[in-house]
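I have placed the structure first, in the form of structure tokens, so that the comments after it can refer back to it.
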Amino acid sequence: MTKNRVVVTGLGCVTPIGIGKEAFWQGLITGKNGIDRITRFDVTDFATQIAGEVKDFDVNQYIDKKEAKRMDRFTQYAVASAKMAIEDAGLDLEAEDLQRIGTVIGTGIGGMETLSEQAAVLDAKGPGRMSPFFVPM
Numbered sequence: 026m027t028k029n030r031v032v033v034t035g036l037g038c039v040t041p042i043g044i045g046k047e048a049f050w051q052g053l054i055t056g057k058n059g060i061d062r063i064t065r066f067d068v069t070d071f072a073t074q075i076a077g078e079v080k081d082f083d084v085n086q087y088i089d090k091k092e093a094k095r096m097d098r099f100t101q102y103a104v105a106s107a108k109m110a111i112e113d114a115g116l117d118l119e120a121e122d123l124q125r126i127g128t129v130i131g132t133g134i135g136g137m138e139t140l141s142e143q144a145a146v147l148d149a150k151g152p153g154r155m156s157p158f159f160v161p162m
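Following our numbering from start to finish, the sequence shown increments by one per residue and tops out at 162.
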């Protein structure tokens with residue numbers, strides 16, 4: 026097996042303690058707590074009512090409004106993070122061999138917002154009314 030060298034040249038972060046490399050780092054070194062009461066949906070019937078939600082994320086800074094509507098929130102976070110990493114690395118994608126560039130993305134669980142919404146649509150209106158963008162989001 027041959028070993029390929031990997032070089033991390035850029036970083037992009039969308040996290041509960043900060044959006045962007047600098048804000049994330051400041052959140053880490055100051056011990057910022059990103060855990061709070063869930064605000065995105067009604068948690069009255071859930072045992073867990075706290076989570077690490079990303080606050081103050083403006084998708085329009087990173088993604089065209091029309092494209093963003095077709096993406097689940099976690100995909101928006103991933104695309105924004107990748108764009109930040111490319112910018113942080115100072116990459117000119119027009120001048121690079123795109124076959125030699127990649128991003129690594131981590132998420133706890135993705136697509137749950139869309140899954141929940143589309144399950145409700147399926148239950149109330151049937152499969153014909155589900156979004157054609159449901160898979161993949």
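Even for Gly, the Cβ is constructed at its ideal location relative to N, Cα and C.
Quick one: what's got a C-beta closer than 8 Å to A120's C-beta in the same chain, skipping five residues either side?
Numbered from its first residue, the sequence shown carries residue 120 at position 95. Excluding sequence neighbours, A120 sits near nothing in its chain.
With a 10 Å radius around its C-beta and 16 neighbouring C-beta atoms as the bar for buried, classify I44 as buried or exposed.
Locating residue 44 in the sequence shown gives position 19, where the first residue counts as 1. Answer is buried; the Cβ neighbour count reaches 16.
For the alpha helix (DSSP H) that contains M26, what are its first and last residues?
As a first step, residue 26 is located in the sequence shown; it is residue number 1 there, counting from the start. Looking at the DSSP string, M26 is not in any alpha helix (DSSP H), and its letter there is neither H nor E.
Exposure of G37, with buried meaning 16 or more beta-carbon neighbours within 10 Å
As a first step, residue 37 must be located in the sequence shown, where it is residue number 12. Buried, since its Cβ has 16 or more Cβ neighbours within 10 Å.
Taking the DSSP output, what are the residues bridged to I75?
Here residue 75 is taken as the residue at index 50 of the sequence shown, counted from 1. In the DSSP assignment, the residues bridged to I75 are R62.
Cβ neighbours of R154 in the same chain (closer than 6 Å, five flanking residues each side left out):
Position 129 of the sequence shown holds residue 154. The beta carbon of R154 lies closer than 6 Å to those of V146 in the same chain, with the five residues before and after it left out.
Might you give, ordered along the chain, the residues of its own chain that have their beta carbon closer than 8 Å to the beta carbon of K46, omitting 5 neighbours on each side?
Counting from one through the sequence shown, the residue named residue 46 turns up at place 21. Around K46: L36, G37, C38, M109 and D113.
For G95, tell me which candidate among N29, M26, F159 and G127 has the shortest Cα-Cα distance.
Taking the first residue of the sequence shown as 1, we reach residue 95 at position 70. Reading off the sequence, residue 95 comes out as Arg, not Gly. Taking only the C-alpha atoms, the option nearest R95 is F159.
State the Cα-Cα distance for the pair T55 and F49, rounded to the nearest angstrom.
As a position in the sequence shown, residue 55 is number 30, starting the count at 1. As a position in the sequence shown, residue 49 is number 24, starting the count at 1. Whole-angstrom Cα-Cα distance: 10 Å.
Looking only at its chain, what residues have a beta carbon closer than 8 Å to the beta carbon of D118, apart from the 5 residues adjacent to it on each side?
Taking the first residue of the sequence shown as position 1, residue 118 is located at position 93. At residue 118 the sequence reads Leu, which differs from the Asp that was named. Cβ neighbours of L118 beyond the five flanking positions: I111 and I126.
Can you tell me which of Q143, I60 and M137 puts its alpha carbon nearest to the alpha carbon of Q74?
Residue mapping note: residue 74 aligns to position 49 of the sequence shown, counting from 1. Check the Cα spacing between Q74 and each of Q143, I60 and M137: the tightest is with I60.
Selected residue, minimal CA-CA separation from I130, among S141, Q143 and A105
For the purposes of this step, residue 130 is taken as the residue at position 105 of the sequence shown. Measuring from the Cα of I130, the nearest candidate turns out to be A105.
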